[in-house]
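Colleague:
2 protein chains.
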Amino acid sequence: MTAPNRKPDYETLLRQAGLRITRPRQVILQILTETDDHPDAAQIFQRAVKQDAQISLATVYRTMKALEENGAIQRHAFGDGPARFEHAGDAHHDHLIDVDTGDVIEFASDRIEALQDEIAERLGYEIVHHRLELYGRKKR
Amino acid sequence: MTAPNRKPDYETLLRQAGLRITRPRQVILQILTETDDHPDAAQIFQRAVKQDAQISLATVYRTMKALEENGAIQRHAFGDGPARFEHAGDAHHDHLIDVDTGDVIEFASDRIEALQDEIAERLGYEIVHHRLELYGRKKR
DNA sequence: GACCTTATTGCAAACGGTTTGCATTTGCAG
DNA sequence: CTGCAAATGCAAACCGTTTGCAATAAGGTC
Chain V
1 MTAPNRKPDY ETLLRQAGLR ITRPRQVILQ ILTETDDHPD AAQIFQRAVK QDAQISLATV
61 YRTMKALEEN GAIQRHAFGD GPARFEHAGD AHHDHLIDVD TGDVIEFASD RIEALQDEIA
121 ERLGYEIVHH RLELYGRKKR
Chain C
1 MTAPNRKPDY ETLLRQAGLR ITRPRQVILQ ILTETDDHPD AAQIFQRAVK QDAQISLATV
61 YRTMKALEEN GAIQRHAFGD GPARFEHAGD AHHDHLIDVD TGDVIEFASD RIEALQDEIA
121 ERLGYEIVHH RLELYGRKKR
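Chains as they are written, first to last, in the working numbering: chain V, 1 to 140; chain C, 1 to 140.
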């Protein structure tokens, strides 16, 4: 059950943050708006180059950083691979990564969240954030 | 509640795997045997150099790889930092990382494990492995 | 629309963690 | 003790990511 993703208006968001909407950014934002998966910087770059051949990978990284700082996207590091991005603002969820395909399935469980809090509590800690990733293989 | 760690006999283990016990390896294995925390390669290297000034970082990495391949240690990547190692063979557990100190506290919860299986099951997946990390701050 | 200031860009170089090629050394089976 | 394969140190390569810099362009102001 993938969480529904309302596509945020990245452009307005950046403008409100006082950032300029440049051509490269338009391209990148459009890609993010259209995408439903969890692409890494290289994938975003590849897609972007098709629209505008002289966009640089550095700009992709810088744009992702700007978006992240403004809470528009989230950065994940699954396994040991490159960072992958997804738009923030959806309800909290964790990830199940298909080890064969790299596909990411989102899921949420209040019970797991509650248990985590309980454990942290017992250890005398306050959870700042957490990471729960299930790596699995599709049953046939 | 840190899981009790029975120190494995790395040396015998490597010998059984047909690997040679060299001076650098002796030093590294001793360090691993003595350590209770989750050191990264650089830390192991630092400690090793004190015993034998000409051990190289490459050898640390190669030794850790050999140990990992033989199931003697586990490699973790907390946050975005360097890989950190711990001896395998202890009962399964997850980690709570103190965001202020980097300290790692181990914990286990059957209930969380069960919930994970349940979720994967529901999604039609079989869990190969998982990663659960709580990042927290000590309450005073 | 032209102008000006400042943010943003592309490029290439630097980065940090990790791996690798190679010539040399070493463990250890025979 | 010898010989050969395995392991070492070193430096260079690697990969994902960040950064310095000079050039370009966004977008507020007139």
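Ideal Cβ positions, reconstructed from N, Cα and C, are used throughout, including at glycine.
For chain V, find out if any of its Cβ atoms is closer than 8 Å to the Cβ of K142(C); answer yes or no.
Modeller: Because chain C in this structure spans residues 1 to 140, residue 142(C) falls outside the shown range and cannot be described.
Colleague: Give, in chain order, every residue of the region 103 to 121 of chain V whose Cβ lies closer than 7 Å to some Cβ of chain C.
Modeller: Listed in sequence order: I105, F107, S109, R111, I112, L115, Q116, I119 and A120.
Colleague: Distance, Cα to Cα, L132(V) vs V99(V)?
Modeller: For the purposes of this step, residue 132(V) is taken as residue 132 along the first sequence, with counting starting at 1. For the purposes of this step, residue 99(V) is taken as residue 99 along the first sequence, with counting starting at 1. Taking the straight line joining both Cα atoms gives about 15 Å.
Colleague: Output, in chain order, the set of chain C residues within a Cβ distance shorter than 9 Å of E34(V).
Modeller: Position 34 of the first sequence, counted from the start, is the residue given in the question as residue 34(V). Going along chain C, no residue has its Cβ under 9 Å from E34(V), so there is no contact; the nearest lies around 25 Å.
Colleague: Of all the CB atoms in chain V, is at least one closer than 8 Å to the CB of A3(C)?
Modeller: Taking the first residue of the second sequence as position 1, residue 3(C) is located at position 3. Note that A3(C) scores a pLDDT of 45, beneath 50, so its modelled location is shaky and nothing firm can be said.
Colleague: In chain order, what are the residue ranges of uninterrupted alpha helix (DSSP H) at least 4 long that sit wholly in the region 60 to 130 of chain C?
Modeller: Qualifying alpha helix (DSSP H) stretches, in chain order: 110 to 123.
Colleague: Classify D94(V): buried if its beta carbon has 16 or more other beta carbons within 10 angstroms, exposed otherwise.
Modeller: On the first sequence, residue 94(V) is found 94 positions in, with the first residue counted as 1. Buried.
Colleague: Going by C-alpha distance, which of S56(C), I105(C), A72(C) and I119(C) is nearest L32(C)?
Modeller: As a working note, residue 32(C) is residue 32 in the second sequence. Checked all of S56(C), I105(C), A72(C) and I119(C); the closest Cα to L32(C) is A72(C).
Colleague: Should D37(V) be flagged as near chain C, meaning a C-beta pair shorter than 8 Å?
Modeller: As a first step, residue 37(V) must be located in the first sequence, where it is residue number 37. By this cut-off, D37(V) is not an interface position.
Colleague: Just to check my reading of the structure: S109(V) and I127(C) have Cβ atoms closer than 8 Å, yes? What is that Cβ distance to the nearest angstrom?
Modeller: Numbered from 1 along the first sequence, position 109 holds the residue referred to as residue 109(V). Numbered from 1 along the second sequence, position 127 holds the residue referred to as residue 127(C). At roughly 14 Å, the Cβ-Cβ gap does not stay under 8 Å, so S109(V) and I127(C) are not in contact.
Colleague: To the nearest angstrom, report how far apart G18(C) and D9(C) are at their CA atoms.
Modeller: As a working mapping, residue 18(C) is identified with position 18 in the second sequence. As a working mapping, residue 9(C) is identified with position 9 in the second sequence. One C-alpha to the other measures close to 15 Å.
Colleague: Taking 8 Å as the threshold (beta carbon to beta carbon), is L57(C) in contact with chain V?
Modeller: As a first step, residue 57(C) must be located in the second sequence, where it is residue number 57. Answer no: the Cβ-Cβ gap between L57(C) and chain V never drops below 8 Å.
Colleague: For E113(C), which option in V104(V), P39(V), E121(V) and L134(V) has the closest C-alpha, if you only look at C-alpha atoms?
Modeller: Taking the second sequence and counting its residues from 1, the one referred to as residue 113(C) is at position 113. If we check each option's Cα against that of E113(C), L134(V) comes out closest.
Colleague: Can you find a CB in chain V that lies within less than 8 Å of the CB of D92(C)?
Modeller: Looking up residue 92(C) in the second sequence gives position 92. Note on residue identity: the sequence assigns His, not Asp, to residue 92(C). Answer no: the Cβ-Cβ gap between H92(C) and chain V never drops below 8 Å.
Colleague: Report yes or no: is there a C-beta of chain V within less than 8 Å of the C-beta of L96(C)?
Modeller: For the purposes of this step, residue 96(C) is taken as residue 96 along the second sequence, with counting starting at 1. Cβ-Cβ to chain V under 8 Å: yes for L96(C).
Colleague: Verify the CB distance criterion: does D80(V) have a CB-CB separation below 8 Å to chain C?
Modeller: The count along the first sequence starts at 1 and reaches residue 80(V) at position 80. For D80(V), the answer is yes, since a Cβ of chain C falls inside 8 Å of its Cβ.
Colleague: Who are R15(V)'s beta bridge partners in DSSP?
Modeller: Taking the first residue of the first sequence as 1, we reach residue 15(V) at position 15. Answer is none; R15(V) lacks a bridge partner.
Colleague: From the DSSP output, in three-state form, read off P4(V) for me.
Modeller: Start at 1 with the first residue of the first sequence, and residue 4(V) comes out as number 4. The pLDDT assigned to P4(V) is 49, lower than 50, so where the model puts this residue is not dependable; a value taken from the coordinates is nonetheless given after this. In this structure, P4(V) counts as coil in the three-state DSSP scheme.
Colleague: Nearer than 7 Å: is that true of the beta carbon of Y61(C) relative to any heavy atom of the ligand HEM?
Modeller: Ligands displayed in this structure: none; no statement on the ligand HEM is therefore possible.
Colleague: By the three-class DSSP mapping on this structure, what secondary structure does K139(V) have?
Modeller: The residue you call residue 139(V) lines up with position 139 of the first sequence. K139(V): coil per DSSP, three-state reduction.
Colleague: Below 8 Å between beta carbons: does that hold for L14(V) and I21(V)?
Modeller: For the purposes of this step, residue 14(V) is taken as the residue at position 14 of the first sequence. For the purposes of this step, residue 21(V) is taken as the residue at position 21 of the first sequence. Yes. Within cutoff.
Colleague: Looking at I105(V): is its Cβ nearer than 8 Å to the Cβ of F78(V)?
Modeller: The residue labelled residue 105(V) in the question sits at position 105 within the first sequence. The residue labelled residue 78(V) in the question sits at position 78 within the first sequence. No, the pair does not count as a contact, with Cβ atoms beyond the cut-off.
Colleague: How many Å lie between Q46(V) and D36(C) at the Cα?
Modeller: Taking the first sequence and counting its residues from 1, one reaches residue 46(V) at position 46. Taking the second sequence and counting its residues from 1, one reaches residue 36(C) at position 36. So the alpha carbons of these two residues sit roughly 45 Å apart.
Colleague: Compute the distance between the beta-carbons of K138(C) and Y125(V), then report whether it is under 8 Å.
Modeller: Stepping through the second sequence from its first residue, residue 138(C) is reached at position 138. Stepping through the first sequence from its first residue, residue 125(V) is reached at position 125. Yes. Within cutoff.
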